[in-house]
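In our numbering, the protein residues as written are 817 to 1846. Read through the structure below, which is laid out as structure tokens, and then see the notes.
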Amino acid sequence: MLCRLDEQANLAYHIRGAVHIEGTLDADAFHTALRHLAHRHEVLRMSLREVADHVSQVVAPDPEVPLTRITTPDWESVIEAENQRAFDLTTGPLWHVTLVRVAPEHHVLVMSLHHVIADGWSLDLLLREIAVHYGSVLQSPTTEPAPPPPAAFQYAEIAHWQRETAHTELDFWRTYLAGASAPDLPTDRPRPPKQTYHGAAVPLALPHEALTTAARAAGTTAFTVLATALSVVLAKLTGQYDVTIGTPAAGRDNPSTADVVGYVVDTLPLRLRMNPGHTLAETLREARDAVNAIRGHQRIPLEELIRALRPQRDRSRSPLFQVLLAVNGTPPQYHFPGLRMHPAPMPIGTTPYDLVVQAEERDGRITGHLVFNTDLFETSTAQLIVDRLTETVSALAERSGVVLGELSVVSGGEWGRWRELSVSRVPASSSPVSVCGLVEAQVDRVPGAVAVRAVDGVLTFGELEVRANRLAWGLRGLGVGPGDLVGVCLPRTADLVVALLGVLKSGAGFVPVDPGYPAERVAFMLEDSGVSVVLRSLDDVPGFAGGAFSSSRPPVLGGGDDVAYVIYTSGSTGRPKGVVIEHRQVVAMLGWAGRVFSAGELSGTLAGTSVSFDLSVFEIFAPLSVGGSVVLSPGSVLDLLVNPSFYEGVTLVNTVPSVVRELLAADAFPSGARTVNLAGEALSPGLVRDLYAHPVVEVVNNLYGPSEDTTYSTHAVTCVGDERTPIGVPVDGTSAYVLDGGLRPVPLGAVGELYLSGAGVTRGYLGRAALTAERFLPDPFASGGGRMYRTGDLVRWRSDGQLDYLGRADGQVKVRGHRIELGEVEEVLRRHGRVGEVVVVAGEGAAGTTRLIAYIVAADTDTDAKTDADADADAESTLDVAVLGAHARRWLPDFMVPSVFMTLDEFPLLPNGKIDRSALPAPDSEAARAVFRDPQSEAEKLIAGIWQELLDVPRVGADDDFFTLGGHSILASRVTSRLATRTGMDVPLNLLFEYPVLADLATQLPDPATWPAQAAIPRVRRVLGRAGSS
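Below, the structure written as structure tokens:
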């Protein structure tokens, strides 16, 4: 309620005006005129009282004149100070007048009113009445003339009438706004969690002739033209063509309201559902009809509309709309007897909305301001919006036949800047060698240097060469060569690197498969890729163990267009899809890495990412291509928690933010890692700040790129103090285009989809020509032709020339760095015989991580059984959390298994029949778990205590499933580390995956009598609780 507004919000709801008064002013007569004004209008004597959540108006019987008289030539400072004066709504009065005596014949009148008692019409009315009362006082024969009678209608009566009639309009507004959402404006700074009101303004001068021409052609008003132009600009900035803005309706159509001082104005939502296939002329006519539609239903206060519609509230912004358009007519003239008056400028320092377009007609010109929230936008961005608004008004008049979707609001100067930003200034490496050729060059240069350090030993470059050569000859003996694929499904020992390099030396490409993936997924990847050979051990090649093959370097077969590897990513059909990467694309990526990262940085590169995740390609081959060492972890990077001494030689960490956050929390960050590369997830400024606060870290890089563009496409060196961490600029030989749905450049700063072109763009999807053609398109901007990849990621160019990542345009999400199609998770769950309908969404988990939430409607038990291979086994199962989790883990890697399963009777629907995802209930972890049973044994209690702390849940039961409670592989590493410390037993990570239910896991621990004596489990400092972290 307005009573509880903080000071800045209070100031945002003020209405102010100032005028210069020239001539001899009788200050006493002016004071009397103000007292008469307060006597005539009750709201000028009003304050508010709040009792039991009910706000009442209190009207004082005697008028108090809130007049301050100041003598100073610095009238501008007085106005600035008045702009900072907040009203106490509970005491009143809720208006104030300052009279500044600048000179004997020059005064400045400054008037402020809170919006709770006045609107813009009221300010004009009050200034006009002050002039009338001032004249009457001067002409009165007495020194104390009697006050005028009260106004015929008081604001309380009008407000009561508004509330009484509001219900008659609600049916219209419910239908009109069904499914509407305000445009999600791209901002220069992150939106604060609580709405702020700091504002500034840039001037606005609109082409009057274009406005009148367009209005005349469409049979409408200048307001409608401006509303259309503003909505078009917002659509171009956001990519959303269903736009809702706010617009004030004076509410003075009834003669009884014409002379009422009060907040009579109705601020109404104006919704323009624009069709990008229509012309500008058609769009303007449709806007005219929309404006006319709401004019017949404007007798409803905004607060009544919000109360009735109950939109989803967000404390960071105003409900229903965040952009306001206010167009006023020619300002009225005020005539004080014997005085000359003209407006004084009022500075703008607050705004109740993200953007407010204020325009008025003056001297045949339409001018005004664009007011913007300074916590969200830079002045330069506001000026760009003004420029685009002006251009769009002209287009509505001069290019009305242009199709809306094809209209570009990018000016000539912006186009040049767009080209400059989009294309990397550094060309890709032109090296003709293959990936293995880059490594072989280092073998010849530093054969005795350490190439691989793993838990099972160390390999020098010379030793790596010998073993890889022998494997390559063995594979060639099996008929493997260019055009073939070899599955690599080895544990994380030095032989893994030998296998990858040996396959490349054979001329074939490798298909990296994590042996920890579910068997069904592994089988699908190997079958779908059509591999000639599967290596689960180097001994799978007959004769390798006995040294039957030559150690000499095989001659090069194939070239840069041959396949280096095929890596599988999540697919929307329920099956993963293979991305085909050629040697020349990997060489280009490694050439960039060798230029950007020094030999010292790559001298000890930590390789802790699964080989099924393409970050591993950088981790293994970037150091090998420059003579550096690969430090290969036996599991994930989180092996650092239990074996820190092994990683003392690490100089560069390349992983996802969620993993680094855990390493910092456990104080297990490698002691020599000066450089940190983060990719795969949004990088928070708080984590950047924490990393730079580490005594060793010198550089934190934020990297972005899909597998379809060979691992990395953009690069940013982060800085402490960035309010939003950018993903940077294109890497060598890469172009990054920000385009709209018609493949046209969007304005700088606007939201668009990212398309990638250049040296890293891969061949496409293995065996999926249609999908390849859909995602890999001809590059219309490259002079020599080429293709570009449609990423599905929404981005914008920042004013500093870097890209901001804003989210996905489709159903993909990132979980712990892995790109996931929600449709694949949904499809797997639908295979369960008891699942009818399913929706999977992404939500926020612990410490800012992303988790998956599955909402399920059970299948009708009378329907036919499903035909999927596993449906028969599941058809009689009860639809509970444990069963659903086990079913998902049978087909999906752990990062794709939902953390929460919620069963619903039915899904909430939108009026068009689609599922209303915003209305899905918040996850209830208690409701989504099995019947609770207290832990009984010492082992169960130990595990429960560890899970409760790390998972941040109120209680843990003996039958609870670690993954159902929100656990994942990162937390699993910390659990096993704690258990090992407490029990003295070596607890492998896979134990928790094999026994995810607490009671089952407890049976695998040793007898508590054998546990080492210690007071307590060491507690871990949690990043989530640190001041200033995000």
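No residue lacks a Cβ here, since even glycine has one placed at the ideal position from N, Cα and C.
Residue i to residue j span [Cα, whole Å]
i: S1216; j: N1108; result: 21 angstroms
i: L1582; j: V1396; result: 6 angstroms
i: F1413; j: G1444; result: 11 angstroms
i: R1790; j: V1219; result: 57 angstroms
i: D1260; j: S1432; result: 24 angstroms
i: S928; j: I1669; result: 51 angstroms
i: A998; j: V924; result: 40 angstroms
i: G839; j: F1152; result: 10 angstroms
i: P1371; j: V1249; result: 13 angstroms
i: V881; j: P909; result: 8 angstroms
i: G1015; j: T1063; result: 19 angstroms
i: G1295; j: V1319; result: 12 angstroms
i: A1586; j: G1394; result: 14 angstroms
i: V1262; j: N1285; result: 17 angstroms
i: A934; j: M862; result: 11 angstroms
i: E1643; j: V1656; result: 10 angstroms
i: W977; j: T991; result: 24 angstroms
i: V1533; j: V1504; result: 10 angstroms
i: S1132; j: H983; result: 28 angstroms
i: D1344; j: F1193; result: 49 angstroms
i: V1049; j: E1281; result: 59 angstroms
CB of residue i within 8 angstroms of CB of residue j, strictly
i: H857; j: A967; result: yes
i: S1245; j: V1379; result: no
i: L883; j: L915; result: yes
i: R1706; j: P1392; result: no
i: R1540; j: R1005; result: yes
i: V1302; j: A1324; result: yes
i: V1536; j: Y1553; result: no
i: G1264; j: G1278; result: yes
i: T1166; j: A828; result: yes
i: T1550; j: S1529; result: yes
i: S1441; j: L1708; result: no
i: G1701; j: F1779; result: yes
i: Y1013; j: F846; result: no
i: L1200; j: G1565; result: yes
Proximity to residue i [Cα-Cα], best of the options
i: H830; options: G1701, H930, R1749; result: H930
i: A1589; options: R1603, T1012, L1317, S1599; result: R1603
i: R1879; options: A1423, D1626, A849; result: The question about residue 1879 has no answer here: the residues shown for the chain are numbered 817 through 1846.
i: M1162; options: K1052, E892, G951; result: E892
i: Y1057; options: G1221, L1020, E1120; result: G1221
i: L1781; options: G1375, T1792, A1788, V1769; result: V1769
i: P1546; options: L1316, P1511, S1240; result: S1240
i: E1176; options: I974, D1344, L1572, P1019; result: P1019
i: L1275; options: Q1820, R1115, L1312; result: L1312
i: N1144; options: I1182, E1256, W977, T1029; result: I1182
i: P1085; options: S1134, Y1079, T1060; result: T1060
i: E1214; options: V1504, E1025, V1577; result: E1025
i: V875; options: T1309, L1354, Y971, Q1764; result: Y971
i: Y1232; options: P1751, A1097, E1660, F1597; result: In the sequence under discussion, the amino acid at residue 1232 is Gly, which differs from the Tyr named in the question. For the residues P1751, A1097, E1660, F1597, the minimum Cα distance to G1232 belongs to F1597.
i: L1140; options: L1118, F1437, W1763, E1102; result: L1118
i: E1435; options: L1306, L1494, P1243; result: L1494
i: T1197; options: G1659, D1556, S1615, W937; result: S1615
Spatial neighbours of residue i in its chain, beta-carbon cut-off 6 angstroms, leaving aside the 5 residues before and after
i: G833; result: M927, L939
i: G1617; result: L1237
i: P1298; result: G1323, L1373, G1374, D1378
i: V1187; result: G1015, A1017, I1164, T1167, V1172
i: S872; result: R865
Other residues of its chain near residue i: CB distance less than 7 angstroms, five sequence neighbours each side excluded
i: F988; result: H1113
i: A1796; result: V1458, D1802, V1803
i: V1447; result: R1269, G1420, T1421, L1422, A1423, Y1463, G1465, V1466
Residues of its chain near residue i, where Cβ-Cβ distance is below 8 angstroms and the 5 sequence neighbours each way are ignored
i: V835; result: V924, L925, L943, Y1150, M1157, H1158, P1159, A1160
For the stretch 1247 to 1309, list the beta strand (DSSP E) runs that are entirely contained and at least 3 residues long, ordered along the chain.
1266 to 1270, 1273 to 1276, 1301 to 1304
At 4 residues or longer, what runs of the alpha helix (DSSP H) sit wholly inside the stretch 1094 to 1157?
1096 to 1111, 1118 to 1125
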